[in-house]
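For the protein sequence lines, the chains are A and B, in the order given.
With positions in the first sequence counted from 1, the corresponding number in the numbering used here is that position plus 120.
With positions in the second sequence counted from 1, the corresponding number in the numbering used here is that position plus 41.
Note that beta-carbon positions come from the ideal geometry of N, C-alpha and C, so glycine has one too.
To start, the structure under review is shown below, and the notes come after it.
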Amino acid sequence: MSEEAKEYAFFLGCITPNRYPGIEAATKRIFKEFGIETKEMVGASCCPAPGVFGSFDMHTWLPVAARNLCIAEEMGLEIYVTCNGCYGSLQEADHLLKDHPKLKEKTNEVLGKFGREFKGTTKVHHSIVILHDVIGLDKLKERMTKPMNDVNVAVHYGCHFLKPSEVRGHGSSETPYIMEDLVKVTGAKEVDYKDKLMCCGAGGGNRTADTPQSLEWTRQKLVNAIEAGCDCMVHPCAFCHLQLDRGQDEMNKAFGTTFNFPILFATQFLGLAMGLSQTECGLDIQTTTMPEKLLK
Amino acid sequence: MGTLYEDIVDHGGEVFGKEHMETLMLCVQCGKCTGGCPSGRYTAFRTRKLFRMAQEDMREEIFNAPELWFCSTCFTCYERCPKGVKTTDLIRVIRNLAAKAGHMSVPHRMIGVYVLKTGHAVPVGEPQMKLRKAVGLDEMAPTTQKYKEQLEQVQEIFRTTHYDAMIDFDWNTMNLREAEGDEKK
């Protein structure tokens, strides 16, 4: 893409800008390195979370999501996201509104109250898919100045990156490949571990409903990765990041454990392999700390 | 108010289409959902049981069980169901009906308060502004929390769909009217 710059609207959501800005900084930085321009979506809100607001009231979730889509439509740009929740919410809303004309009409009645209209002219992409499919593995590989040759990585997908597969369109949710490819392009080894595709525990309002119970899922996930000999966990979701990273501090307090297992969003991991510092990737302003092995 | 099934088809059908919701009746209790359910390992949530209870119109039993809220919406059962039951969407719609009937915990209602106040379920605060500066970003992202007139659009949506009433939101205090106890009523 270096010859022909492409622009996207960056839908930030909540966790990325307001808890883990390192994810925002690293993603923008890497996109820019590959000639992809990022435009801010002025006035965007919470996506809102598909399993949370979708569970409370679908009829509120949809127009709020549609309003966010409208902002990108007005900019004439397609969207990228750094959170599976945002991906799920915006892509599902876009899909439903494009498929159901009556629903679109009803939603536009609400949006019309403040002069907005969903037209169906944008698309919702995950930043990770842009890295994989638009920038491409060959271009990425050329830029890996600090390869992760001796690093064992546990890939965590989160749920809404792959599922429902009929909407996401990334192939079978049981045999994914996108994150594995991106980890391998850095020279790292992608290590299979027990229940690799299991949820982090946070979604669907479960974290809010019962945080200690949701952390049981997280604990098992981390133990499985550690037992498989992994050095860190790399994932594509800001909300999973919150559960997996801050969750370790919460678990250590609640269960008396001593977890400090490095958690990295995919662009933070790629950033380190491209020679960015941990400060530039925001990895020194989170709960889990990075071992020398990832920083050398 | 019809049977729970009729309410599911009505409420969810408007968003997903009626056929999507009618898949509830295709469940033959094979248990593949519960077998692959991460929540089922840690909680009393049993997807198969929920669908049987919904088919049998056991509205109050479903609404009063805390485990209704222990599904993480991971979509594993949705992907695997051999009968094409739209499991996760049905669970979300059943939760919508439970919430409408007043079965919504205070922490869940508070998420709505954050969005009504800032447009974000997870707003930015002073400590996070420092984190943003540390990675070279503006203190505040250019979102609803920064621009009042943009936030008002989100608030307008919540008013239109009566979400504010559903969580007993008080526009004067910008908080829940009654934040005591586990449930609204």
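Discussion item. Would you say M215 (chain B) lies against chain A (beta-carbon separation less than 8 Å)?
Written reply: In the second sequence, counting from the first residue as 1, residue 215 (chain B) sits at position 174. No, M215 (chain B) does not count as interfacial toward chain A.
Worksheet item: Whose Cβ in chain A lies nearer than 9 Å to the Cβ of A106 (chain B)?
Response: In the second sequence, residue 106 (chain B) corresponds to position 65, counting from 1. Here the premise fails: no neighbours, minimum Cβ distance about 12 Å.
Worksheet item: So, helix, strand or coil for F238 (chain A), using DSSP?
Response: By one-based count along the first sequence, residue 238 (chain A) stands at place 118. If DSSP states are grouped into helix, strand and coil, F238 (chain A) belongs with coil.
Worksheet item: Just the Cα atoms here: how many angstroms apart are G208 (chain A) and H280 (chain A)?
Response: Here residue 208 (chain A) refers to the residue found at position 88 when the first sequence is read from its first residue. Here residue 280 (chain A) refers to the residue found at position 160 when the first sequence is read from its first residue. Cα-Cα distance, rounded: 5 Å.
Worksheet item: If contact means a Cβ-Cβ distance below 7 Å, which residues of the stretch 156-178 of chain B contact chain A?
Response: Taking a C-beta cut-off of 7 Å against chain A, the contacting residues of the stretch 156-178 of chain B are V156, G160, H161, A162, V163, P164, V165, Q169, L172, R173, A175, V176, G177, L178, listed in chain order.
Worksheet entry | Counted within 10 angstroms of its Cβ, other Cβ atoms place N213 (chain B) as buried (16 or more) or exposed | Position 172 of the second sequence, counting from 1, holds the residue named residue 213 (chain B). Exposed is the label assigned to N213 (chain B), since fewer than 16 other Cβ atoms lie within 10 Å of its Cβ.
Practice prompt. Could you name the residues of chain A that P123 (chain B) contacts, counting a contact when the two beta carbons are closer than 9 Å?
Written response: Walking along the second sequence from the start, residue 123 (chain B) turns up at place 82. Within chain A, no residue has its beta carbon less than 9 Å from that of P123 (chain B); the closest one is some 14 Å off.
Discussion item. Strictly under 8 Å for the Cβ-Cβ distance: is T84 (chain B) near chain A by that measure?
Written reply: Here residue 84 (chain B) refers to the residue found at position 43 when the second sequence is read from its first residue. So, interface residue.
Discussion item. What would DSSP say about L217 (chain B), mapped onto helix, strand or coil?
Written reply: Against the second sequence, residue 217 (chain B) aligns to sequence position 176. Secondary structure of L217 (chain B) (DSSP, three-state): strand.
Discussion item. Judging by CA-CA distance, which residue of A:V275, A:T331, A:A146 is the nearest neighbour of G201 (chain A)?
Written reply: Here residue 201 (chain A) corresponds to residue number 81 of the first sequence, with the count starting at 1. Here residue 201 (chain A) is Val; the residue named in the question, Gly, does not match the sequence. When each option's Cα is compared against that of V201 (chain A), the closest is A:A146.
Practice prompt. Could you name the residues of the same chain whose beta carbon sits closer than 7 Å to that of M121 (chain A), not counting the 5 residues immediately before and after it, in chain order?
Written response: To locate residue 121 (chain A), count along the first sequence from 1; it is residue 1. Its pLDDT being 40, under 50, M121 (chain A) is placed unreliably by the model, and the measurement read from it follows with that caveat. Excluding sequence neighbours, M121 (chain A) sits near F154, G155, I156, V254, I255.
Item to complete: Could you tell me whether the Cβ of Y119 (chain B) comes closer than 8 Å to any Cβ of chain A?
Response: Locating residue 119 (chain B) in the second sequence gives position 78, where the first residue counts as 1. Against chain A, the CB of Y119 (chain B) has a partner CB under 8 Å away; the residue lies at that interface.
Item to complete: Would you check if the distance between the CB atom of E127 (chain A) and the CB atom of T136 (chain A) is smaller than 8 Å?
Response: The sequence position of residue 127 (chain A) within the first sequence is 7, counting from 1. The sequence position of residue 136 (chain A) within the first sequence is 16, counting from 1. No, Cβ-Cβ distance for E127 (chain A) and T136 (chain A) is not below 8 Å.
Worksheet item: Does the stretch 138-145 of chain B come within contact of the stretch 200-216 of chain B, defined as at least 3 CB pairs closer than 8 Å?
Response: A contact exists between the stretch 138-145 of chain B and the stretch 200-216 of chain B.
Worksheet item: In its own chain, which residues sit with a C-beta less than 8 Å from the C-beta of Q211 (chain A), not counting the 5 before and 5 after it?
Response: Numbered from 1 along the first sequence, position 91 holds the residue referred to as residue 211 (chain A). For Q211 (chain A), where only same-chain residues beyond five positions count, the Cβ hits under 8 Å are V244, V287, R288.
Worksheet item: Can you check whether the CB of F92 (chain B) is closer than 8 Å to the CB of C68 (chain B)?
Response: Looking up residue 68 (chain B) in the second sequence gives position 27. Looking up residue 92 (chain B) in the second sequence gives position 51. Yes. Within cutoff.
Worksheet item: Which residues in the same chain have their Cβ closer than 8 Å to the Cβ of L197 (chain A), if we skip the five residues on either side of it in sequence?
Response: Residue 197 (chain A) sits at position 77 when you count from the first residue of the first sequence. Take L197 (chain A), set aside five residues on each side of it, and the residues of its chain with a beta-carbon closer than 8 Å to its own are E127, Y128, A129, K159, T242, in chain order.
Practice prompt. Can you check the stretch 340-367 of chain A for any alpha helix (DSSP H) of at least 4 residues that lies completely inside it and give the ranges in chain order?
Written response: Qualifying alpha helix (DSSP H) stretches, in chain order: 358-361.
Worksheet item: At a cut of 8 Å, does the stretch 370-389 of chain A reach the stretch 222-233 of chain A through at least three beta carbon pairs?
Response: Using a C-beta cut-off of 8 Å, the stretch 370-389 of chain A makes no contact with the stretch 222-233 of chain A, since fewer than three inter-stretch Cβ pairs fall below that distance.
Worksheet item: Smallest Cα separation from L390 (chain A): which of A:N204, A:C350, A:D301, A:T295?
Response: On the first sequence, position 270 is the one that residue 390 (chain A) refers to. Selection A:N204, A:C350, A:D301, A:T295 evaluated against L390 (chain A) yields A:D301 as nearest (Cα-Cα).
Worksheet item: Do the CB positions of T185 (chain B) and G163 (chain A) come within less than 8 Å of each other?
Response: What you label residue 185 (chain B) is simply residue 144 of the second sequence in a count that begins at 1. What you label residue 163 (chain A) is simply residue 43 of the first sequence in a count that begins at 1. In contact: T185 (chain B) and G163 (chain A) (Cβ atoms closer than 8 Å).
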